[in-house]
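For reference, the structure is listed below as structure tokens.
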Amino acid sequence: MTKKEKVNYIIEELEKLYPKTPVPLDHKDAYTLLVAVLLSAQCTDERVNMVTPDLFRIADNPIDMVKVPVEKIKEIIRPCGLSPRKSQAIYDLSGILLNKHNGEVPASFEALEELPGVGHKTASVVMAQAFNVPAFPVDTHIHRLLTRWGITSGKNVVQTEQDAKRLFPEEYWNKLHLQIIFYGREYSPARFPKLKKDYITRTIGTKKAIAELK
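Here the sequence shown is numbered in our numbering, starting from 2 and rising by one per residue.
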């Protein structure tokens, strides 16, 4: 298969499997999504969704969040890991939103990436899922699968994102990145790479990836 043929195949198959793509992180607006995505670093979405109700019960907006002591935030989000850094980032970015953005989450990659604890991947998720701006956030699932499928060399997530944006039509980006995540979790989890149900890899994967499935 050529890369163009692979791209078309991926889009068609993932659309069959996941015609609807609900956002995995529970949230009600751009702010709660931003906090949830920040918490999801090196943590599962399931665990984040267990923690955020307690956090958002006391503060689901920047005005209330800056009234909460950092130690209290840290105590609540401890199960997500990296709680000292994440709690300080949540507190600090809430103050910045109030002081620089009228309490609103900015719909700008540049402004988002200036916030504490917000890197390019987090900004991309917020832009795609909160503001419907075309973005292709690359997490470990996407990086792993696009490498296995021969879409990218897989040298790093930056290169993976560049290759994905170059090869996949822009109108598919926001939905496709979620579909690939869903597929990775269900059909090709990192801990069990030899699962025979990973049929997309068997069909279009690199020789190395196909060999791993046998």
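Idealized CB from N, CA, C, for every residue including glycine.
Quick caveat, the model's predicted, so the values are computed rather than measured.
Rounded C-alpha distance that separates residue i from residue j
i	j	result
Arg203	His178	20 angstroms
His121	Leu214	32 angstroms
Ala191	Val69	37 angstroms
Pro54	Met66	14 angstroms
Gln180	Phe137	12 angstroms
Lys29	Lys209	42 angstroms
Ile64	Ala90	15 angstroms
Leu83	Leu113	20 angstroms
Asp199	Leu99	46 angstroms
Lys51	Glu76	Checking the sequence shown, residue 51 turns out to be Met, not Lys. C-alpha separation (whole angstroms): 14 angstroms.
Lys87	Thr148	30 angstroms
Val8	Pro85	41 angstroms
Thr33	Glu6	38 angstroms
Val229	Val139	Residue 229 falls outside the range modelled here, since the chain spans only 2 to 215, and no answer is possible.
Assigned exposure category for residue i - 16 Cβ within 10 Å defines buried
i	result
Asn157	exposed
Leu18	exposed
Asn103	exposed
Ala212	exposed
Pro107	buried
Val159	exposed
Leu154	The residue you asked about is not Leu; residue 154 is Ser in the sequence shown. Exposed: under 16 other Cβ atoms inside 10 Å.
Glu13	exposed
Ile59	exposed
Glu162	buried
Lys101	exposed
Gly217	This structure cannot speak to residue 217, because the chain is shown only from 2 to 215.
Lys197	exposed
Arg145	buried
Phe169	buried
Thr45	exposed
Thr123	buried
Residue i - containing alpha helix (DSSP H), residue span
i	result
Phe110	Phe110 to Glu114
His142	Thr141 to Arg149
Val127	His121 to Phe132
Lys5	Lys4 to Leu18
Gln160	Val158 to Leu168
Tyr224	There is no way to answer for residue 224, as the model of the chain reaches only from 2 to 215.
Leu98	Ser84 to Lys101
Arg203	Tyr200 to Ile205
Glu72	Val71 to Ile78
Glu105	Here Glu105 belongs to no alpha helix (DSSP H), and DSSP marks it neither H nor E.
Phe137	It is not in any alpha helix (DSSP H) - Phe137 carries neither H nor E in the DSSP assignment.
_Stretch-stretch touch, CB-based, cutoff 8 angstroms, three pairs: the region 124-136 with the region 21-35_ = Short answer: they touch.
*Is the region 59-75 close to the region 38-49, with three or more CB pairs under 8 angstroms?*
The way I'd put it, the region 59-75 doesn't touch the region 38-49; fewer than three beta-carbon pairs between them come closer than 8 angstroms.
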